[in-house]
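In my numbering, the protein residues as written are 32 to 424. To start, the structure itself, in structure tokens.
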């Protein structure tokens with residue numbers, strides 16, 4: 032019996048020693064196990080497959096993405112005639128102070144050109160761009176990637192989202208591929224393609240810095256923030272992912288005048304496609320409206336929390352005769368749910384509200400003086416309002 036126990040102990044010591052040696056070897060040469068398995072025809076372990084899939088290096092070039100997307104990006108030249116009255120100033124300082132200037136001859140007309148970019152979104156010639164690129168233009172010319180020039184007709188524009196749709200007559204048009212907005216993540220590599228400073232098509236690279244960035248409390252529109260360089264003339268151009276698929280329309284920047292660097296913004300592709308469909312169908316965008324204004328839910332001053340920490344939106348104003356007033360919604364009500372959607376903050380409520388179909392009904396749930404309430408509200412079409420003033424790119 033003692034002899035058998037000695038043999039078992041002897042074997043166990045060698046097994047433990049062998050395992051220890053194998054562990055050390057695997058640390059020094061991690062791939063030796065896979066090499067041996069391959070030599071003897073054994074399958075790789077699931078763990079090694081997972082490691083190899085995670086360790087894939089980033090591409091050394093984004094040339095394929097650019098080659099895929101760049102032909103769909105166009106240069107836009109929006110021309111308008113500006114009439115100015117020439118003024119003759121008095122040479123005497125006292126006369127200048129008393130009378131200012133005097134007209135000097137008839138008014139003079141000159142052509143003013145605005146530069147921008149656009150994206151071809153359909154084979155039949157629809158081009159998506161920014162409204163501020165073509166606003167008040169008398170003549171719009173589009174320069175295609177292959178050198179062709181086409182005259183563009185304005186289909187429709189939406190000042191609030193700063194989007195416009197043009198139509199050109201040309202054949203063999205390269206159409207941009209749309210990305211899945213649900214797969215967009217902070218940190219993804221993106222490329223901005225456009226016509227900055229009339230240098231013709233230029234590509235800059237960056238990452239997604241933020242998603243759902245809101246620049247104005249008066250508008251529910253949100254933006255993609257990126258550090259890809261966006262300059263004057265990039266407006267209306269494409270922001271694409273590393274596969275060359277459209278994730279946004281470049282629209283504005285915050286420049287060095289605001290002590291900022293690497294802060295640009297693009298309109299998300301899902302917002303752009305929604306506006307695109309409506310502008311093509313009707314020439315304008317229809318938005319739902321409940322007839323109230325909203326603010327952040329107040330947070331106690333001594334809580335140490337930021338103002339936007341609380342969930343939901345507080346009603347700040349109710350328009351007399353509007354749907355919210357008719358449903359009994361009151362100022363200071365806290366709204367927590369709109370239909371099937373929970374409300375995160377006032378901007379989130381605004382985004383859901385504008386997607387409601389005018390003529391429909393929606394259930395609004397919230398708190399009034401701490402007591403839950405539920406009301407049905409008739410949705411109407413929102414009246415037009417002035418967009419927020421922003422610095423254009």
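Don't be surprised by glycine CBs; every beta carbon is placed ideally from N, CA and C.
Here DSSP, grouped into helix, strand and coil, assigns residue 189 to strand. Around residue 385, the same chain offers 251, 318, 319, 320, 413 as residues with beta carbons nearer than 8 Å, after the five sequence neighbours per side are excluded. Within the model, the alpha-carbon separation for residue 236 versus residue 270 is close to 9 Å. The residue from 197, 365, 186 with its alpha-carbon nearest to that of residue 148 is 197.
Per DSSP, residue 214 lies in no beta strand (DSSP E) and is assigned neither H nor E.
In the DSSP assignment, residue 269 is bridged to 224, 280. Each residue's CA atom was taken as its position, placing residue 227 and residue 175 some 15 Å apart. Residue 369 sits in a strand when the DSSP states are folded into three classes. Distance from the Cα of residue 108 is smallest, within the candidate group 100, 266, 242, for 266.
Taking a C-beta distance under 9 Å as the contact criterion, residue 328 and residue 358 do not qualify as a contact pair. About 6 Å separates the beta carbons of residue 411 and residue 354, which is inside the 8 Å limit, making them a contact pair. Burial is judged here by how many other beta carbons sit within 10 angstroms of a residue's own beta carbon; residue 163 has at least 16 and is buried. Here the C-alpha atom of residue 303 lies approximately 24 Å from the C-alpha atom of residue 229. Relative to the Cα of residue 177, the nearest Cα in the group 183, 106, 95, 142 belongs to 106.
The residue among 170, 158, 159 with its C-alpha nearest the C-alpha of residue 144 is 170. Within the same chain, and ignoring the five residues on either side of residue 374 in sequence, the residues whose Cβ sits closer than 8 Å to its Cβ are 342, 343, 344, 366, 367, 368, 380, 383. For residue 388, the secondary structure class from DSSP, reduced to helix, strand or coil, is coil.
Listed in chain order, the non-local C-beta contacts of residue 96 below 7 Å within the same chain comprise 222, 271, 273, 274, 275, local neighbours out to five positions each way being set aside.
DSSP lists 324 as the bridge partner or partners of residue 348. The residue from 92, 104, 314, 371 with its alpha-carbon nearest to that of residue 233 is 104. Around the beta-carbon of residue 256, 16 or more other beta-carbon atoms lie within 10 Å, marking it buried.
A Cβ-Cβ separation of about 5 Å places residue 281 in contact with residue 261 under the 8 Å criterion.
By the neighbour-count criterion, in which a residue is buried when 16 or more other Cβ atoms sit within 10 angstroms of its Cβ, residue 313 is exposed.
Taking C-beta atoms under 8 Å as the contact rule, residue 298 and residue 268 fail to qualify, at a distance of about 11 Å.
If you ignore the 5 residues before and after residue 403, its C-beta comes within less than 8 Å of the C-beta of 396, 397, all in its own chain and listed in chain order.
About 5 Å separates the CB atoms of residue 151 and residue 204; that is less than 8 Å, so the two are in contact. The alpha carbon of residue 173 has as its nearest neighbour, out of 167, 199, 99, 390, the alpha carbon of 199. The C-beta of residue 183 has 16 or more other C-beta atoms within 10 Å across all chains shown, which makes the residue buried. In the three-state reduction of the DSSP assignment, residue 246 falls in the coil class, being assigned neither a helical nor a strand state. If you draw a straight line from the Cα of residue 101 to the Cα of residue 186, it comes to about 23 Å.
If the five residues before and after residue 215 are omitted, its C-beta is found closer than 7 Å to the C-beta atoms of 239, 242, 278, all from its own chain and listed in chain order. Residue 299 is bridged by DSSP to 279. Cβ atoms of residue 348 and residue 323 come within 8 Å of each other, at about 6 Å. Across the structure, residue 190 and residue 156 are spaced so that their CA atoms are roughly 22 Å apart.
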